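Input: a single structure, listed below in structure tokens.
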Amino acid sequence: MKIGIVCYPTFGGSGVVATELGMALANKGYEVHFITYNLPVRLDFISYNLHFHEVALEEYPLFQYQPYELALSTKMVEVVKRYELEVLHVHYAIPHAYAAYMAKKMLADKGIKVKVVTTLHGTDITLVGSHPSYKTAVEFSINQSDEVTAVSSSLKNDTLRLFNIQKDIKVVYNFIDAKKYEMADEEECKRAAIANPNERILTHISNFRPVKRVLDVIQIFNQVQKEVPSKLLMVGDGPERSKAEKLAEDLGIIEKVLFLGNSNEVAKLLCYSDVFLLPSETESFGLAALEAMAANTVVISSNTGGLPEVNIHGETGFLADLGDVKSMANHAISILKDEAKLLEMKRTAKEHTKLFSLEKVLPEYERIYNACF
Ligand code: GMT
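Numbering of the sequence shown is given in UniProt numbering, commencing with residue 1 and proceeding in unit increments.
Right under this line is the structure:
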């Protein structure tokens with residue numbers, strides 16, 4: 001089968017899932033074509049059956065906003081025609097599902113058929129998609145897709161609550177390729193460069209948008225470091241970064257907090273982490289938490305959205321109410337002080353990720369592609 005994958009090529013979870021899926025499909029023999037405005041950050045090989053097509057935007061002074069959907073749907077038409085693609089799998093509804101609908105219509109006009117699979121990822125529904133500026137177009141393009149998937153039951157329920165959806169939404173969980181989280185030896189996992197042997201390591205990875213509540217991360221760590229010698233790694237970048245740096249400075253803990261910026265080698269940072277903090281306001285799934293668990297890390301998160309489907313309270317980590325910094329800090333302190341419990345919970349967290357393995361999820365997407373015909 002020949003499949004086009006459309007996604008955001010950035011560090012966000014939807015782009016990561018789309019890229020890992022495309023690479024896995026190509027490894028299995030499918031012909032895969034990425035159609036995006038940049039090379040996806042996690043794309044680590046291109047081969048005879050894995051191609052990248054850049055959506056180029058023509059700048060014109062008349063436009064205050066460049067019409068990306070037009071360029072994207074035009075590129076989709078071109079690639080479907082030239083490579084005879086059978087399926088366009090679009091990740092993140094805005095504007096990809098809408099552009100795919102337009103491409104499908106333009107192709108039908110020329111007697112060419114293509115199926116559209118839309119995967120909903122979270123903020124395309126909960127934060128942005130349901131905004132009155134976009135809602136009508138998002139609802140329409142979801143209903144026009146041949147198959148629709150959501151990355152958690154929570155996101156499926158949110159979609160049905162916020163939109164009038166006539167399509168069946170199938171839940172296909174996000175996944176990880178476990179091999180990428182196996183650290184061969186200490187040489188690869190450079191813990192000593194980050195912390196002293198007596199210190200615990202806490203990590204947060206995100207796009208530092210307000211929804212991630214990075215200031216809560218700093219507040220939680222501030223409580224923890226008073227009780228347990230520790231360091232905090234802040235991985236990623238975004239609008240709240242400078243506020244988080246300022247808060248760490250004001251609290252007098254900046255030398256214990258390392259702001260590392262964006263990284264596409266998260267496995268090498270997670271391999272020495274003890275606790276992963278994700279106190280998000282909402283999270284359809286929390287791919288970063290799953291990646292942390294795959295790297296033997298205990299997750300302490302809020303109990304919002306799809307997080308309870310990924311992080312099991314008292315087993316793989318702990319859940320607390322949104323904004324309950326005190327509970328999250330107390331959970332972190334108690335687990336970090338108890339070596340035996342910490343090791344057991346790390347093991348359980350890793351074991352739990354088998355439910356979200358590439359081997360389990362890939363056939364689910366294959367069934368969905370086949371169901372289109
Ligand atoms: O977390 C973000 O803001 C980025 C966003 C994205 O689309 O890249 O993440 C969403 O999709 C991820 C992959 O499915 C999920 O793991 C994240 O939970 C989800 N983010 C939110 O719902 C806030």
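All C-beta atoms, glycine included, are put in the ideal place defined by N, C-alpha and C.
Since the model is a prediction, treat every value here as computed from it, not as a measurement.
Inset, instruction - Determine the direct distance from the alpha carbon of residue 232 to that of residue 331, and round the result to whole angstroms. - result: Stepping through the sequence shown from its first residue, residue 331 is reached at position 331. Stepping through the sequence shown from its first residue, residue 232 is reached at position 232. Taking the straight line joining both Cα atoms gives about 16 Å.
Inset, instruction - Ignore the nearest five residues each way along the sequence and tell me which others in residue 198's own chain have a CB closer than 6 Å to its CB. - result: Residue numbering aside, residue 198 sits at position 198 when the sequence shown is read from its first letter. Result list for residue 198: 229, in chain order.
Inset, instruction - Pull up the DSSP beta-bridge partners for residue 148, would you. - result: Numbered from 1 along the sequence shown, position 148 holds the residue referred to as residue 148. Per DSSP, 118, 169.
Inset, instruction - Select from 112, 164, 305, 245 the residue whose C-alpha is nearest the C-alpha of residue 143. - result: As a first step, residue 143 is located in the sequence shown; it is residue number 143 there, counting from the start. The residue with the shortest Cα to Cα distance from residue 143 is 164.
Inset, instruction - Output the distance between the C-alpha atoms of residue 102 and residue 73, rounded to the nearest integer angstrom. - result: Counting from one through the sequence shown, the residue named residue 102 turns up at place 102. Counting from one through the sequence shown, the residue named residue 73 turns up at place 73. Going from the Cα of residue 102 to the Cα of residue 73 covers about 6 Å.
Inset, instruction - Go through the region 215–250 residue by residue and report every complete run of the alpha helix (DSSP H) that reaches 4 residues or more, in order. - result: Entirely contained in the region 215–250, the alpha helix (DSSP H) runs reaching 4 residues are, in chain order, 241–250.
Inset, instruction - Please determine, among 100, 354, 255, 21, the residue with the shortest C-alpha to C-alpha distance to residue 295. - result: Position 295 of the sequence shown, counted from the first residue, corresponds to residue 295. The residue with the shortest Cα to Cα distance from residue 295 is 354.
Inset, instruction - Give a yes or no on whether the C-beta atoms belonging to residue 194 and residue 205 are separated by under 8 Å. - result: Taking the sequence shown and counting its residues from 1, one reaches residue 194 at position 194. Taking the sequence shown and counting its residues from 1, one reaches residue 205 at position 205. Cβ distance not < 8 Å, so residue 194 and residue 205 don't count as in contact.
Legend entry - Reference residue 56, options 68, 262, 50, 348, closest by Cα: The count along the sequence shown starts at 1 and reaches residue 56 at position 56. The residue with the shortest Cα to Cα distance from residue 56 is 68.
Legend entry - Span of the beta strand (DSSP E) around residue 205: Mapped onto the sequence shown, residue 205 falls at position 205. Unbroken beta strand (DSSP E) run through residue 205: 200–205.
Inset, instruction - Report the partner residues of residue 261 according to the DSSP bridge assignment. - result: Counting from one through the sequence shown, the residue named residue 261 turns up at place 261. The partner list for residue 261 (beta bridge, DSSP) reads 235.
Inset, instruction - With a threshold of 7 Å, establish whether the CB of residue 209 neighbours any heavy atom of the ligand GMT. - result: On the sequence shown, position 209 is the one that residue 209 refers to. Under cutoff, so the answer is yes.
Legend entry - Distance cut-off 7 Å: residue 37 Cβ against heavy atoms of the ligand GMT: The count along the sequence shown starts at 1 and reaches residue 37 at position 37. Checking every heavy atom of the ligand GMT against the Cβ of residue 37, none is found closer than 7 Å.
Inset, instruction - Find out if the Cβ-Cβ distance for the pair residue 2, residue 84 is shorter than 8 Å. - result: Within the sequence shown, residue 2 is the residue found at index 2, counting from 1. Within the sequence shown, residue 84 is the residue found at index 84, counting from 1. A contact, by the Cβ cut-off of 8 Å.
Legend entry - Contact between the region 80–97 and the region 10–27 (3+ Cβ pairs under 8 Å): Output reads yes: the region 10–27 touches the region 80–97.
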